[in-house]
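As structure tokens, the structure follows; a few thoughts come after it.
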Amino acid sequence: MIHADKILVLDGGKLVSVGSHKELLEISPIYQEIYETQKGKDAWGNE
1 MIHADKILVL DGGKLVSVGS HKELLEISPI YQEIYETQKG KDAWGNE
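Every letter in the sequence shown is one number past the one before it in full-length UniProt numbering, and letter 26, counting from 1, is 26.
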């Protein structure tokens with residue numbers, strides 16, 4: 001996902017942010033939280 005041109009961030013079914021991985025890490029608290037939660041886990045959620 002970090003190589004996608006654009007990533008859409010939804011919250012409660014509503015679009016709240018759009019941007020690249022780098023842009024969203026700078027502007028979107030929701031994306032930051034998702035990224036930090038998933039960082040270090042494999043595709044099955046194992047650390």
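C-beta atoms are modelled at their ideal positions from N, C-alpha and C, and glycine is treated no differently.
- When secondary structure is reduced to three states using DSSP, Lys6 falls in the coil class, being assigned neither helix nor strand.
- Under the three-state reduction of DSSP output, Lys39 falls in the coil class, being neither helix nor strand.
- Your pair Ile30 and Val18 does not check out as a contact, with CB atoms roughly 12 Å apart and the cut at 8 Å.
- Short of 6 Å from the beta carbon of Val9, and not among the five residues preceding or following it, lie these beta carbons of its own chain, in chain order: Val16, Ser17, Ser28, Ile30, Tyr31.
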